[in-house]
Amino acid sequence: MKLKSLVLYSAISLGTITAVNAEEAIRFDGFPDFDSSLKVLLPEFEKENDIKVDYLMNNHGDHHTKLTTNLATGSGAGDVIVVDVEKIGPFVASGGLVNLSEKYGADKYAERFAPYAWAQGKGSDGNMYGIPVDLGPGVMYYRTDLFEKAGIDVKDAIKDWDSYIAAGEKLKQQNVQLIASAADVAQAIIYTTVPEGEGLYFDKDGQPVVTSERFVHAFEVAKKIREKGLDGRILAWSNEWYEGFRNGTFATQQSGAWLLGHLNNWIAPETKGKWQYQTYLMASTAAGAALSFQSLLSHSTKMKRGS
């Protein structure tokens, strides 16, 4: 079976469906807004491949908590799962994910993906355990109404990080936080200033870079935001985070370009049109900002059958 672009995402398209009887269903576990895409993609996929695909969606945090339990007990998860980029490492290390290189020849598809994204789906043994799904440039989202009320020109606010913090001080005068968490700013800097040919946390020689100037700068900026009381200390993908978008608790958010779809579709649809975005001027490069992977559970009896 050939890899098909955007057909139930990459992991299933790597030929895994050939291991399932047509009369059986496989389950896809993920988090919003993957279900919106599945509603569009599944009818054609199921018809073409003679297979039924069910899906189970939980919010981002609950989904990964559930997966942690599923991997520990060896049961309860779907056959195909979505794993956030920050979780893929521990999940691979747990031994609960299928070696896609060995079982399905995933390596031959590497050239179809961004090199850095493909590398992040690998385990320490060099094999693939997760296929990249969504990646996009890093952007800054901002509430246009809150910026206007505080008299802030977004072009001025994104000249550099000092300008961004200055905008936060104006927002604070309006009882609005600059951002949900200062940690999001640190992450944005770390993600968008990766030198070519290096990873997020290791250089091209495999040496850790967490004490490099890039990391020091990221945490210095975040520390300044926290000390000035400009962030809400709100954890991303939490209920409080969702409410913050809806209620105007904070006026900006650093994220990938894909977040706007989540905001409009389910996080804060009532604020549609109020959130706009700008690409970073304060970062030297606009690297991909967060991505997810499709992986297969090693305890899935359906995926084992016929493989």
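All letters in the sequence shown, in the order written, are residues -22 to -1, 1 to 285 by mature numbering (1 follows the signal peptide of the UniProt record, and there is no 0).
We put the CB at the ideal spot given by N, CA and C, even for glycine.
Beta-carbon proximity of residue i to residue j, cut-off 8 Å
i	j	result
residue 208	residue 167	no
residue 114	residue 158	no
residue 154	residue 229	yes
residue 38	residue 215	yes
residue 34	residue 62	no
residue 163	residue 199	yes
residue 72	residue 49	yes
residue 68	residue 240	no
residue 128	residue 149	yes
residue 36	residue 44	yes
residue 119	residue 237	yes
residue 160	residue 203	yes
residue 15	residue 243	no
Unbroken beta strand (DSSP E) run spanning residue i, endpoints
i	result
residue 157	155 to 157
residue 254	253 to 257
residue 231	228 to 234
residue 206	It is not in any beta strand (DSSP E) - residue 206 carries neither H nor E in the DSSP assignment.
residue 168	Run containing residue 168: none in the beta strand (DSSP E); it sits in the alpha helix (DSSP H), 160 to 170.
residue 3	3 to 8
Which listed residue (the options) has its alpha carbon closest to that of residue i
i	options	result
residue 65	29, 107, 56	107
residue 248	119, 220, 257	220
residue 92	109, 9, 123	109
residue 226	145, 125, 112, 94	125
residue 74	86, 56, 242, 137	56
residue 255	49, 217, 117	117
residue 81	105, 94, 235	105
residue 12	60, 210, 202, 188	60
residue 145	14, 20, 95, 206	206
residue 189	197, 183, 182	197
residue 29	87, 201, 5	5
residue 3	147, 130, 31, 86	31
residue 58	70, 76, 47	76
residue 193	165, 185, 184, 141	165
residue 233	140, 152, 257	257
residue 151	54, 94, 21, 130	130
residue 139	54, 51, 87, 195	195
residue 123	224, 183, 245	224
Buried/exposed call for residue i, threshold 16 Cβ in 10 Å
i	result
residue 180	exposed
residue 261	With a pLDDT of only 49 at residue 261, under the threshold of 50, the placement of this residue in the model should not be trusted; the figure read from the coordinates follows. Residue 261 comes out buried.
residue 309	Only positions -22 to 285 of the chain appear in this structure, which leaves residue 309 out of reach.
residue 103	exposed
residue 17	exposed
residue 170	buried
residue 263	Any answer about residue 263 is weak, because its pLDDT of 35 lies below 50 and its placement is not dependable; what the coordinates show is given next. That one is exposed.
residue 217	exposed
residue 112	buried
residue 211	exposed
residue 135	buried
residue 251	exposed
residue 70	buried
residue 99	buried
residue 231	buried
residue -9	At residue -9, the pLDDT of 38 sits below 50, so the modelled position is not reliable; the number obtained from the coordinates is stated separately. Under this definition residue -9 is a buried residue.
Extent of the continuous alpha helix (DSSP H) to which residue i belongs
i	result
residue 66	63 to 71
residue 82	78 to 82
residue 220	217 to 225
residue 186	Residue 186 -> no alpha helix (DSSP H), and no H or E assigned at all.
residue 95	93 to 98
residue 178	Unbroken run through residue 178: none, as it is neither H nor E.
residue 239	237 to 240
Cutoff 8 Å: residue i Cβ touching any chain D Cβ
i	result
residue 24	You won't find chain D in this structure, because it holds only one protein chain.
Any beta strand (DSSP E) of 3 or more consecutive residues that is wholly inside the stretch 101 to 145: 116 to 121
Alpha helix (DSSP H) runs wholly inside the stretch 14 to 56, at least 4 long, in chain order: 38 to 51
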